[in-house]
Amino acid sequence: MVSKDLNSLWRDAAINDAAPREKLNSDIETDVAIIGAGFSGLWTAYYLKRLMPNSQIVIIDANEVGFGASGRNGGWCSGFMPNSIDELAELHGREAAIEMYRQSFATLDEIESVLVNENIDCDFHRGGTICGAT
0 MVSKDLNSLW
10 RDAAINDAAP
20 REKLNSDIET
30 DVAIIGAGFS
40 GLWTAYYLKR
50 LMPNSQIVII
60 DANEVGFGAS
70 GRNGGWCSGF
80 MPNSIDELAE
90 LHGREAAIEM
100 YRQSFATLDE
110 IESVLVNENI
120 DCDFHRGGTI
130 CGAT
């Protein structure tokens with residue numbers, strides 16, 4: 000767990016206009032409870048709500064939204080995976096490895112699409128990639 004005393008450049012520089020959320024002090028009933036308000040939890044809630052618009056979805060986190068690793072990364076998105084396509088092909092076959100890379104890069108398109116459709120101004124831009132070889 001990340002200490003509340005540990006500052007984050009990204010969080011400190013962001014405009015924090017989010018309304019404070021009440022602590023969960025009692026039992027609640029909900030259709031879906033998501034534990035964690037980082038990228039995975041928030042994206043899960045977003046797509047569940049789109050698939051099930053009449054459902055009640057609650058996100059529970061020990062801290063505020065994006066407090067942990069999701070709010071402390073370098074602020075960039077990449078379609079590259081930690082393994083080369085050849086390494087993935089050895090493990091899963093060539094077609095599966097190619098599809099993994101395709102889906103990984105398609106994620107960037109999806110992120111951009113959601114930002115545009117939801118009018119989220121977060122300074123998103125496609126910068127490019129540099130791959131060094133030694």
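Residues in the sequence shown are numbered from 0 upward in steps of one, following numbering that gives the first Met the number 0. Note that CB positions come from ideal geometry on N, CA and C, so glycine has one too.
Q. Mind checking G65: buried by the 16 CB within 10 Å criterion, or exposed?
A. Translated into positions along the sequence shown, residue 65 becomes position 66. Per the 10 Å Cβ criterion, buried.
So, A32 versus I59, is the Cβ gap smaller than 8 Å? Position 33 of the sequence shown, counting from 1, holds the residue named residue 32. Position 60 of the sequence shown, counting from 1, holds the residue named residue 59. Yes, the pair counts as a contact, with Cβ atoms nearer than the cut-off.
Extent of the continuous alpha helix (DSSP H) to which A95 belongs = Here residue 95 is taken as the residue at index 96 of the sequence shown, counted from 1. It spans 93-116 - the alpha helix (DSSP H) in which A95 sits, taken as one unbroken run.
Given that a residue counts as buried once 16 or more other Cβ atoms are within 10 Å of its Cβ, and exposed if not, what is A36?
Within the sequence shown, residue 36 is the residue found at index 37, counting from 1. It is buried - the Cβ of A36 has at least 16 other Cβ atoms within 10 Å.
Considering A61, what are the terminal residues of the alpha helix (DSSP H) in which it resides? The count along the sequence shown starts at 1 and reaches residue 61 at position 62. Element bounds for A61: n/a, residue is neither H nor E.
- Query: Going by C-alpha distance, which of G126, D26, L41 is nearest V113?
  - Reply: If you number the sequence shown from 1, residue 113 lands on position 114. Answer by Cα proximity: L41.
Output yes or no for whether 8 Å exceeds the beta carbon distance between I34 and L47. Indexing the sequence shown from 1 puts residue 34 at position 35. Indexing the sequence shown from 1 puts residue 47 at position 48. Contact: no.
Could you pull the DSSP bridge partners for I33 from this structure?
Walking along the sequence shown from the start, residue 33 turns up at place 34. Per DSSP, I58.
Q. Can you tell which of E117, H124, R71, I129 has its C-alpha closest to the C-alpha of L107?
A. Numbered from its first residue, the sequence shown carries residue 107 at position 108. Ranking the options by Cα distance to L107, first place goes to H124.
- Give every residue of the same chain whose Cβ lies closer than 7 Å to the Cβ of G78, excluding the five residues on either side of it in the sequence, and list them in chain order. Position 79 of the sequence shown, counting from 1, holds the residue named residue 78. Result list for G78: S103, F104, T106, L107, in chain order.
message: Please classify G92 as buried or exposed, where buried requires at least 16 neighbouring CB atoms within 10 angstroms.
response: The residue you call residue 92 lines up with position 93 of the sequence shown. With fewer than 16 other Cβ atoms within 10 Å, it is exposed.
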